[in-house]
Amino acid sequence: MTALHLDPALVARARQLAAKVGAPVVDLARTHTTTAVERATLRLAGASGADSDGVPWVNHLVDAVEQQLAGDGGLAHGACLPLFDALARGQARDLRELAQRLGNGTATLRMPEAGDRDTAADGARAAVATGLERIDAQRHAREELVQTVGEAPRRPWIYLIVATGDIREDVPQAQAAARAGADVIAVIRSTGQSLLDYVPEGATHEGFAGTYATQENFRIMRAALDETSRELGRYVRLTNYASGLCMPEIAVLAGLERLDMMLNDSMYGILFRDINPVRTFVDQRFSRRVHTRAGIIINTGEDNYLTTADAVEAAHTVTTSQLLNEFFAHEAGLADAQIGLGHAFEIDPALPESFRLELAHALLARTLFPDAPLKWMPPTRHMTGDVFRGHLLDGFFNLAGVLTGQSILLVGMMTEAVVTPWLSDRDLALQNVRYVLDAAGGLVEDFHPPADGFIARRATTVLTEAVDLLERIDAHEDGLLDAIADGTFGLMRRPRDRGRGLAGVVRRSDDYLNPTDQMLDAQEVLP
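Note that the UniProt record's numbering has the sequence shown beginning at 1, numbered continuously upward.
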């Protein structure tokens, strides 16, 4: 594999700083919970379904704990203790019925003590264990299916987006894309779903610029791609988005329905969706720990920095984010092979030496993270509507991916960022990818930039600037949170006491109970 000869001391300093500024955020996540974390835990414990208005029962359950036990700390003790105490006292037969009875006033909650607390805790652990066992079974099913039908014969994996808004329409498009060469199908979410504080229920047939992420939609698409995998003789992976206000819940649903990749970035929701920083970091840690258990590969969102800032001037922010995402991922238990760090081909093509700069940035990421399945994103910002120019840029993007050994290549389309691409655009884009991979796929063996050349010098400059930024972040009194608040990291200022979802953040009490946390810590129920 082609790699740059970076200064080992500079690389070590970068990782040391990322760990130093990330550690307080981890401590914060360990001492807080959120409404989404508690709802995710209840989903693992078997809660499902929604009322006639489409509001999930898990939302009703968590709301009831907050309201009825406000004087006892509400969610500070966790949702499981009072809810499973109610079940033990015969208030309802299961969580769904309990939600209904809490809603009509025929059940009440209390904070159990002594032996009753132990009984409630035992019941919660048993229920959550069942959910984790299903996730374990799905991970085994993936491994067995890969062994049975085979793996994609080469890297990078070709990653293609399907998003009609209607899951019925997504299925045939996804299967057609797989037959045309796609190895990974991403069902992009309906615009704005990241800001919903609930997960829609059931199969959905309407969505703007995407399809809603629901458990039933996950199940439908996974079953369809399994069918296509057997037909093609290679396993086709499925991707969706574990981000936004329901990040932990969607992570759980993805594990239960055997998704293979999830968009899961530690700071995207903060910077680009104005979700409260503490809420995001707490939810992010929980969701990544679930991904670890499920064997899911995460994809991070560094490409977004380059859609709002100059790709040359802001190149070091991508590297900084990659280092932080790596630290948070490792702390959550993810192996290198599950950390799909992102970067993008977004330098203005009119800039002299733009392609050499792109190679430097891509090769820097490949060298810093040699075992990570890097996700290489196509040009969007400088697409003008000239489809011939756009097709050429996508060809250069594909060539850069081949030369620098990228792992996951998102298919670029000549009409990207201009209109919603036609199916014919997708077909031409896949032809472009296949041509470059077939004609130049082995060039990674021959591409060795000289140690004193332009590419190596540029990569060192970007890494040095990333270290400088991490040192500025470290100099803040409250580290990363302060740096995000005052705009030192990211163009937007996002204070820790503002943003969407803040009301759903709760400091844990000393007797907080979350069986999922305990089992993931102890690796219980693992095969």
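Just so it is clear, CB atoms sit at the ideal spot from N, CA and C, and this is done for glycine as well.
This structure is a prediction, so every number in the text was calculated from the model and none was measured.
Report yes if the CB atom of residue 86 is closer than 9 Å to the CB atom of residue 108, and no otherwise. Yes, Cβ-Cβ distance for residue 86 and residue 108 is below 9 Å.
Any alpha helix (DSSP H) of 4 or more consecutive residues that is wholly inside the segment 309-375: Taking only runs of at least 4 residues, the alpha helix (DSSP H) segments lying wholly in the segment 309-375 are 315-331 and 354-368.
Closer than 6 Å by C-beta to residue 406: which residues in its own chain qualify, once you throw out the five before and the five after it? Chain order, please. Hits under 6 Å: 156, 374 and 376.
Count the other C-beta atoms from every protein chain shown that fall within 10 angstroms of the C-beta of residue 435, then say buried if there are 16 or more, exposed otherwise. That one is exposed.
Per the DSSP calculation, residue 415 is bridged to which residue(s)? In the DSSP output, where bridge partners are listed per residue, residue 415 has none listed.
Taking residue 239 and residue 185 to be in contact with their CB atoms under 8 Å, please state how far apart those CB atoms are, rounded to whole angstroms. Between the beta-carbon of residue 239 and that of residue 185 there is about 7 Å, and that keeps the pair under the 8 Å contact cut.
Have a look at 292, 318, 161 and 391 and flag the residue whose alpha-carbon is nearest the alpha-carbon of residue 462. Sorting 292, 318, 161 and 391 by C-alpha distance to the C-alpha of residue 462 places 318 at the top.
Once DSSP output is grouped into helix, strand and coil, what is the label at residue 466? Collapsing the DSSP output to three states places residue 466 in a helix.
Local Cβ density within 10 Å of residue 191, reported as buried at 16 or more and exposed below that: A residue is called buried once 16 or more other Cβ atoms fall within 10 Å of its Cβ, and residue 191, having fewer, is exposed.
Residues in the same chain with beta-carbon distance under 7 Å from residue 314, minus the five sequence neighbours each way, listed in chain order, please. Here the set comprises 305 and 306.
Write down the C-beta distance between residue 296 and residue 262 rounded to the nearest angstrom, noting that I regard them as a contact closer than 8 Å. Confirmed, about 5 Å.
So, with DSSP's three-state summary, where would you put residue 55? Here residue 55 sits in coil by DSSP.
Taking the alpha-carbon of residue 46 as reference, which of 8, 64 and 93 has the nearest alpha-carbon? Comparing alpha carbon positions, the residue from 8, 64 and 93 closest to residue 46 is 93.
State the Cα-Cα distance for the pair residue 526 and residue 133, rounded to the nearest angstrom. Since pLDDT at residue 526 reaches only 45, below the 50 mark, its modelled position is unreliable, and the value read off the structure follows with that caveat. Between residue 526 and residue 133, the C-alpha separation is close to 8 Å.
From what residue to what residue does the alpha helix (DSSP H) around residue 409 run? Counting along the chain, residue 409 sits inside no alpha helix (DSSP H); it lies in the beta strand (DSSP E) bounded by residues 408-410.
Cα separation between residue 102 and residue 61? Their backbone Cα atoms lie some 8 Å apart in a straight line.
Where are the beta strand (DSSP E) runs, 3 residues long or more, that stay fully inside the segment 124-204, in chain order? Taking only runs of at least 3 residues, the beta strand (DSSP E) segments lying wholly in the segment 124-204 are 157-162 and 184-187.
Measure the C-alpha to C-alpha separation of residue 99 and residue 58 and round it to an integer number of angstroms. If I take the Cα positions, the gap works out to 8 Å.
Since I believe residue 365 is in contact with residue 341 (beta carbons under 8 Å), could you give me their beta-carbon distance rounded to a whole number of angstroms? Yes, they are in contact, since the Cβ atoms of residue 341 and residue 365 sit about 7 Å apart, within 8 Å.
Less than 9 Å separating the beta-carbons of residue 277 and residue 495? In contact: residue 277 and residue 495 (Cβ atoms closer than 9 Å).
Express the C-alpha separation of residue 216 and residue 271 in angstroms, rounding to a whole number. Distance between the alpha carbons of residue 271 and residue 216: 30 Å.
Residue span of the alpha helix (DSSP H) that contains residue 389, given as start and end: Taken as a continuous stretch (DSSP letters only), the alpha helix (DSSP H) holding residue 389 covers 387-403.
Is residue 182 near residue 236, with beta carbons less than 9 Å apart? Against a cut-off of 9 Å, the Cβ pair of residue 236 and residue 182 comes out as a contact.
Taking the C-alpha atoms as reference points, what is the distance between residue 433 and residue 395? When rounded, the distance between both Cα atoms is 7 Å.
Please report how far the alpha carbon of residue 243 lies from the alpha carbon of residue 356, in whole angstroms. Each residue's alpha carbon lies about 33 Å from the other.
Can you give the beta carbon distance from residue 245 to residue 275, rounded, assuming they're within the 8 Å contact cut? About 6 Å separates the two Cβ atoms, so the contact holds.
Under the rule that 16 or more other beta-carbon atoms within 10 Å means buried, what is residue 112, buried or exposed? Buried, by the Cβ-count rule.
Is it buried or exposed, residue 10, if we count other Cβ atoms within 10 angstroms and call 16 or more buried? It counts as exposed.
State the start and end residues of the unbroken alpha helix (DSSP H) segment that holds residue 238. Element bounds for residue 238: not the alpha helix (DSSP H) but the beta strand (DSSP E), 237-241.
C-alpha distance - residue 455 paired with residue 403, whole-angstrom precision: Here the C-alpha atom of residue 455 lies approximately 13 Å from the C-alpha atom of residue 403.
Where residue 34 falls: helix, strand or coil (DSSP): Strand at residue 34.
Of all the options 17, 283, 230 and 194, which has the alpha carbon lying nearest to the alpha carbon of residue 38? Ranked by how close their Cα comes to the Cα of residue 38, the residues 17, 283, 230 and 194 have 283 in first place.
Distance, residue 487 Cα to residue 210 Cα: Their Cα atoms are separated by approximately 31 Å.
Please classify residue 498 as buried or exposed, where buried requires at least 16 other C-beta atoms within 10 Å of its C-beta. Classification of residue 498: exposed, given that the 10 Å Cβ count is below 16.
Check whether the segment 72-82 touches the segment 506-517, taking contact to mean three or more Cβ pairs, one atom from each stretch, closer than 8 Å. As far as the Cβ criterion goes, the segment 72-82 touches the segment 506-517, which means the pair count is three or higher.
Can you name the residues that DSSP bridges to residue 500? Bridge partners of residue 500: 275.
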